[in-house]
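K.L.:
First the structure, which I've put down as structure tokens, then a few questions once you've had a look.
Protein chains in written order, with the numbering used here: chain D, 1 to 175; chain B, 1001 to 1760.
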């Protein structure tokens, strides 16, 4: 188990995400998220499908958080917060399940994307998500995106992070 | 390429040489690419190439994944008509719309009509090479719409009005400096655009606005699952996510070959595609979407929130015809990863504006261009030398050289016959079906016949071969470049020389073998063959030399398939006779060995005969390694490094086809085990590639490819001075000699000098 988390952490860093392990407690989660979004003026919180409301609720009081943003606000917000359906150790990816309002938008439109992933949702390889027995087989039924590091391009010559999607990807592994 | 800068020889624009249905345009495209695009293409493709080796090396079950992917594609293409029907039903049941378009006109017309019906003014596009194939942008623009390419590479191409030069990185030929110059010129801006970050920010701001206001989003799809209607979309920039998520109308355009049975079957491709393409475990974003999406589309103030609408446009455009073609059906397994482009030495040097057509490029590009257009559009596939480095890199195991040899064959048949071809046809006795081929191809494909005469009259023939007027004639009629020194014919062919070699009779030989007298050794570097005999006999092997017959390699590389099959069959029958006697077959020239181990699969009718050949043919050092292993002794007990006359520092370049069949590593290992300090080249191919580098049309390209190898030699000699140059291939040796102007040995020559007699 801890081997998987170690691999996830190392590979996510290799993909230029920032990763931190934190305790799975409301206070720890709130403190950690507050720290990374402290410079963000407008923050949008995605659905907390894969976290308990006990962990999610304190985030709703973060300064700058907009409860029901208009599309115009979404397009100019500074940070989005997601709860991940899964983490993938061998690639350092997070899997975001779409469908509920804001789930896709918070993982794409803002320059900073903060992802909370529960340690027990980390699988070994990308293809494991295609196993019907894995995490209830949800990845086979939902619209999902596997996110590996910030958006990037090499089309302009050197490798540049932050193209159409987020420039920074901050992952918290909840242990 | 200094002359290119003079105004009279101003380089062509990429668009003007996109269509290479005639040879002159192909040659102009090569000159253009070498003079302008080569540094960027080299740097970028070689980075992809290195990263791919690393990423695929990290997949513990890489080979098994490739097998799975291949099986899924075989099954899907076999069931394609059913899958198309099933997918149509699935998408309609989900509330989407589906069109199966026979050709580009129908597909573009449908997309235009959907856009017009929605009153679209702005259409935003994610990267889709298939929409390049059908020229969708022209149709939408002609209907008065603005089309915004949102992938940054496509954005650059749209600004520059150029065709893609790579399957996954369409602007790979642009350096940062050239993009800066392009943007400054086209956008008339004073902004500092001197870094990748500044350029990206500039484009991002333009495009963010387009995403937010677009009426319609158009994407491609990497795969489509028939059971759920799921699209797999692979990208790194986020533009495809934006395109599929924000506008109310999403149109996905995909070739029918992208359809597979189930969403679950996408699993092996997920890991293979990123590793084989950009060389990452995964790209930044891999989406699995079954549109229409549930999320409401984006709506800025003043724009009404529309319901989501989804259209899937499936394109045939020649694909069902490819499916019926027993050779080109394999093309449809292609998942457009670009591994065959990045692992190709020629592609690394010129990119897809020379080694490519109007849409598709690289090794697999010819088959796509011919399949979705006209055969003549695939003429650029001439640049596939058959080096085979792409073969092990293809995640669905497509035999790309074989496709290109078939394209060449069909192009030969379609070519005009000239007088020289007629004469050569008579001289070579080429099978009738191969007769319409150009003279140059008949000459190189039947080289053994000329070499046999050359060797018979060696001193005179060598003098003539280097005599100015003769070289002019050969250049003019056979396309043989006069700047190349020709391999000298030996005073005595290997088969004759072997008769004078002492036979060491051993009571109990360690093994029994036959050295196949390939034509390149027999009529070229015969002394290397003699070295093999001496070496093996000293190691106690009962070894004889076969008659010299062509095995078909030269003919195959010229696309003379009937000739190649005839020769391969003859050689196989000859070797069968030795195999029946219990002899192992040693083949010195790696391209001949690769024929027996790989290519003959396509040419021999009897598969059991091929399997036997494949199992019992050996590269000399591979064979020696086995002998040493069998003996239970150490390499040093067989070889005395102190006897080396070339010192202990070596630079070794293995042959491209030798690497593909797994015979390069044993040579490197044996040399190191004996105690040599070996630096191995890491280039995919030396650029000579058999006859390729001898051809006048390709001399500059061949030498430009070779420059990577020459530089590696120079670098390896920076510390501690010169190294003895070793190469296993005949033409690699010629190329290395041409570049370094030094003697090049085959490892067997070195080993023959340091082998201890079995009694020692």
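Beta carbons are placed, not taken as given, at the ideal position from N, Cα and C, and that holds for glycine.
Give me the Cα-Cα distance between residue 1752 of chain B and residue 1531 of chain B, rounded to the nearest whole angstrom.
P.N.:
Between residue 1752 of chain B and residue 1531 of chain B, the C-alpha separation is close to 6 Å.
K.L.:
I need the DSSP call for residue 170 of chain D, collapsed to helix, strand or coil.
P.N.:
Residue state, collapsed to three classes: strand.
K.L.:
List, in chain order, every chain D residue whose beta-carbon is nearer than 8 Å to that of residue 1239 of chain B.
P.N.:
What residue 1239 of chain B touches in chain D: 163, 164.
K.L.:
Among B:1348, B:1560, B:1475, B:1489, which has the Cα closest to the Cα of residue 1414 of chain B?
P.N.:
When each option's Cα is compared against that of residue 1414 of chain B, the closest is B:1560.
K.L.:
Closer than 7 Å by C-beta to residue 1728 of chain B: which residues in its own chain qualify, once you throw out the five before and the five after it? Chain order, please.
P.N.:
For residue 1728 of chain B, where only same-chain residues beyond five positions count, the Cβ hits under 7 Å are 1590, 1654, 1655, 1658, 1667, 1746, 1747.
K.L.:
Work out the CA separation of residue 90 of chain D and residue 7 of chain D for me, nearest whole Å.
P.N.:
Rounded to whole angstroms, residue 7 of chain D to residue 90 of chain D spans 6 Å at the Cα level.
K.L.:
Say whether chain D places a C-beta atom closer than 8 Å to the C-beta of residue 1264 of chain B.
P.N.:
Closer than 8 Å: yes.
K.L.:
Using a beta-carbon distance cut-off of less than 7 Å, what residues from the region 1177-1196 of chain B approach chain D?
P.N.:
Listed by position along the chain: 1179, 1196.
K.L.:
Does residue 1489 of chain B come out as helix, strand or coil in the three-state DSSP assignment?
P.N.:
Residue state, collapsed to three classes: coil.
K.L.:
Can you pull the chain B neighbours of residue 11 of chain D, defined as C-beta to C-beta under 9 Å?
P.N.:
Here the neighbours are 1281.
K.L.:
Is there a C-beta anywhere in chain D that falls below 8 Å from the one on residue 1268 of chain B?
P.N.:
So, interface residue.
K.L.:
Would you mind listing the beta strand (DSSP E) stretches within the region 1189-1270 of chain B that are 3+ residues and don't spill past its ends, in chain order?
P.N.:
Taking only runs of at least 3 residues, the beta strand (DSSP E) segments lying wholly in the region 1189-1270 of chain B are 1216-1219, 1223-1225, 1231-1235, 1249-1255.
K.L.:
Given this structure, state the Cα-to-Cα distance separating residue 1275 of chain B from residue 1234 of chain B, to the nearest angstrom.
P.N.:
Using only the alpha carbons, I get a separation of about 12 Å.
K.L.:
Quickly, what does DSSP pair residue 153 of chain D with across the bridge? List them, please.
P.N.:
D:160.
K.L.:
Can you tell me whether residue 1310 of chain B is helix, strand or coil according to DSSP?
P.N.:
Here residue 1310 of chain B sits in strand by DSSP.
K.L.:
Give the range of the beta strand (DSSP E) segment to which residue 1677 of chain B is assigned.
P.N.:
1677-1680 is the span of the beta strand (DSSP E), which, as asked, contains residue 1677 of chain B.
K.L.:
CB-CB under 6 Å to residue 1480 of chain B, same chain, minus the five flanking residues each way: which ones, in chain order?
P.N.:
Here the set comprises 1474, 1694.
K.L.:
For the beta strand (DSSP E) holding residue 967 of chain B, just list the boundary residues, first then last.
P.N.:
No answer is possible for residue 967 of chain B: the residues shown for chain B start at 1001 and end at 1760.
K.L.:
Let's see if you can read the secondary structure: which residues bound the beta strand (DSSP E) around residue 118 of chain D?
P.N.:
Unbroken beta strand (DSSP E) run through residue 118 of chain D: 112-118.
K.L.:
Using the DSSP secondary-structure output, state which residues sit across from residue 1287 of chain B in a beta bridge.
P.N.:
For residue 1287 of chain B, which the question treats as bridged, DSSP gives the partners D:145, B:1233.
K.L.:
How long is the line joining the alpha carbons of residue 1008 of chain B and residue 1079 of chain B, rounded to whole angstroms?
P.N.:
Its pLDDT being 41, under 50, residue 1008 of chain B is placed unreliably in this model, and the coordinates cannot settle the point.
K.L.:
Would you kindly work out how many angstroms separate the C-alpha atoms of residue 1750 of chain B and residue 1483 of chain B, rounded to a whole number?
P.N.:
In a straight line, the C-alpha of residue 1750 of chain B is about 29 Å away from that of residue 1483 of chain B.
K.L.:
Starting from the C-beta of residue 1343 of chain B, find all residues in its chain whose C-beta is less than 8 Å away, skip the five residues before and the five after it, and write them out in chain order.
P.N.:
Around residue 1343 of chain B: 1049, 1052, 1389, 1390, 1393, 1684.
K.L.:
Is it buried or exposed for residue 1117 of chain B, if we count other Cβ within 10 angstroms and need 16 for buried?
P.N.:
The residue in question, residue 1117 of chain B, is exposed, as its Cβ has fewer than 16 Cβ neighbours within 10 Å.
K.L.:
Are the C-beta atoms of residue 1518 of chain B and some chain D residue less than 8 Å apart?
P.N.:
No, residue 1518 of chain B does not count as interfacial toward chain D.
K.L.:
Is there a Cβ of chain D sitting closer than 8 Å to that of residue 1370 of chain B, yes or no?
P.N.:
With 8 Å as the cut-off, residue 1370 of chain B does not count as an interface residue toward chain D.
K.L.:
Nearest-angstrom Cα distance between residue 1573 of chain B and residue 1555 of chain B?
P.N.:
Their Cα atoms are separated by approximately 18 Å.
K.L.:
Are the CB atoms of residue 1104 of chain B and residue 1358 of chain B within a distance shorter than 8 Å?
P.N.:
The answer is no: Cβ separation not under 8 Å.
K.L.:
Sort B:1132, B:1291, B:1043 by Cα distance to residue 1093 of chain B and report the nearest one.
P.N.:
If we check each option's Cα against that of residue 1093 of chain B, B:1291 comes out closest.
K.L.:
For my contact list, residue 127 of chain D and residue 1271 of chain B are in at a C-beta cut-off of 8 Å; report their separation, rounded to the angstrom.
P.N.:
With a Cβ gap of about 6 Å, residue 127 of chain D and residue 1271 of chain B count as contacting.
K.L.:
Measuring CB to CB, does residue 1362 of chain B end up less than 8 Å from residue 1156 of chain B?
P.N.:
No. Outside cutoff.
K.L.:
Taking C-beta pairs closer than 9 Å, name the residues in chain D that residue 1271 of chain B reaches, listed in chain order.
P.N.:
Ordered by position in chain D, the residues that pass the 9 Å Cβ test against residue 1271 of chain B are 90, 91, 125, 126, 127.
K.L.:
For residue 1518 of chain B, count the other beta carbons within 10 Å of its own beta carbon; 16 or more makes it buried, fewer makes it exposed. Which is it?
P.N.:
With 16 or more other Cβ atoms within 10 Å, it is buried.
K.L.:
Helix or strand or just coil, what does DSSP make of residue 1457 of chain B?
P.N.:
In the structure shown, residue 1457 of chain B sits in coil (DSSP, three-state: anything other than H, G, I, E or B).
K.L.:
Nearest to residue 1220 of chain B by CA position, among B:1592, B:1446, B:1128, B:1545, is which residue?
P.N.:
Nearest option by C-alpha distance: B:1128.
K.L.:
Apart from the five residues on each side of it in sequence, which residues of its chain come closer than 6 Å, Cβ to Cβ, to residue 148 of chain D?
P.N.:
Around residue 148 of chain D: 15, 91, 93.
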